[in-house]
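Working notes, beginning with the structure itself.
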């Protein structure tokens with residue numbers, strides 16, 4: 013049973029560029045949440061997708077956008093990259109129903125470095 | 166005030182000792198509470214969940230919840246060097262998102 017898979021694992025981008033990160037949820041999960049984790053900090057909620065719609069959004073600018081596909085996989089797009097966007101980006105999936113009552117299963121993350 | 170607060174540590178304990186990790190939260194409506202373990206450079210791994218006041222034990226781990234005090238803790242008995250990691254407290258906000266604390270770094274010395 014595949015867990016949450018994320019790609020790519022590492023990425024280096026230049027300021028001002030755009031990046032797309034991808035996530036496939038665990039089998040049986042239909043909700044995908046994205047988190048940004050800066051070095052030495054806890055994960056910060058970016059947004060959550062359920063039934064192909066953005067359900068909730070954290071305190072992130074519009075440069076951060078996402079999408080969920082009919083197979084529940086998801087993409088995170090970041091435009092006009094800033095140095096401060098350098099972080100570990102985590103995708104998390106949760107059980108059917110779109111709740112986090114039973115916690116999340118995290119993917120291995122994408123390490124984004126902006127230079 | 167942060168929604169979920171943890172002591173950042175580092176917390177250092179000798180091998181075999183009990184490690185005690187603490188977390189407070191601000192939203193009284195929170196119903197579900199989680200502890201994640203994160204090794205350096207890796208993603209968080211769920212180790213404990215607790216939903217009711219009191220203690221919940223799983224092997225060497227015990228989670229404690231006190232909703233009146235808005236406090237949740239994690240005890241690790243017989244700490245091992247392999248327990249050295251950052252421990253993240255997470256709280257389920259209404260609407261289905263988890264809010265994380267900043268994490269407590271635990272170091273278990275042989």
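Residue numbers (our numbering), protein chains in the order written: chain D, 13 to 127; chain F, 166 to 275. Note that CB positions come from ideal geometry on N, CA and C, so glycine has one too.
Query: Check whether the Cβ atoms of residue 269 of chain F and residue 176 of chain F lie closer than 7 Å to each other.; Result: yes
Query: Taking 7 Å as the CB-CB cut-off, is residue 176 of chain F touching chain D?; Result: no
Query: So, with DSSP's three-state summary, where would you put residue 95 of chain D?; Result: helix
Query: What's the gap between the Cα of residue 20 of chain D and the Cα of residue 33 of chain D?; Result: 7 Å
Query: In this structure, how does DSSP classify residue 180 of chain F when only helix, strand and coil are distinguished?; Result: coil
Query: Identify which residue in F:254, F:251, F:208 and F:213 has its Cα closest to the Cα of residue 17 of chain D.; Result: F:208
Query: In angstroms, rounded to a whole number, what distance separates the CA positions of residue 30 of chain D and residue 93 of chain D?; Result: 6 Å
Query: Going by other Cβ atoms of all chains shown within 10 Å of its Cβ, with 16 needed for buried, is residue 204 of chain F buried or exposed?; Result: exposed
Query: Are the CB atoms of residue 49 of chain D and residue 99 of chain D nearer to each other than 7 Å?; Result: yes
Query: Identify whether residue 247 of chain F lies in helix, strand or coil by the three-state DSSP scheme.; Result: helix
Query: In chain F, which residues lie with their C-beta within 9 Å of the C-beta of residue 116 of chain D?; Result: 199, 201, 209, 211, 255 and 263
Query: Do residue 240 of chain F and residue 185 of chain F count as a contact pair if the criterion is CB distance below 7 Å?; Result: yes
Query: For residue 72 of chain D, does the three-state DSSP call read helix, strand or coil?; Result: coil
Query: In angstroms, rounded to a whole number, what distance separates the CA positions of residue 59 of chain D and residue 199 of chain F?; Result: 19 Å
Query: Would residue 41 of chain D and residue 120 of chain D be called neighbours here (beta carbons separated by less than 7 Å)?; Result: no
Query: Name the residues in the stretch 52 to 64 of chain D whose C-beta lies less than 7 Å from a C-beta of chain F; which are they?; Result: 53, 54, 55, 57 and 60
Query: Hey, residue 166 of chain F and residue 188 of chain F are a contact pair by Cβ (cut 8 Å); roughly how many whole angstroms apart?; Result: Contact doesn't hold; Cβ gap of about 14 Å is too wide.
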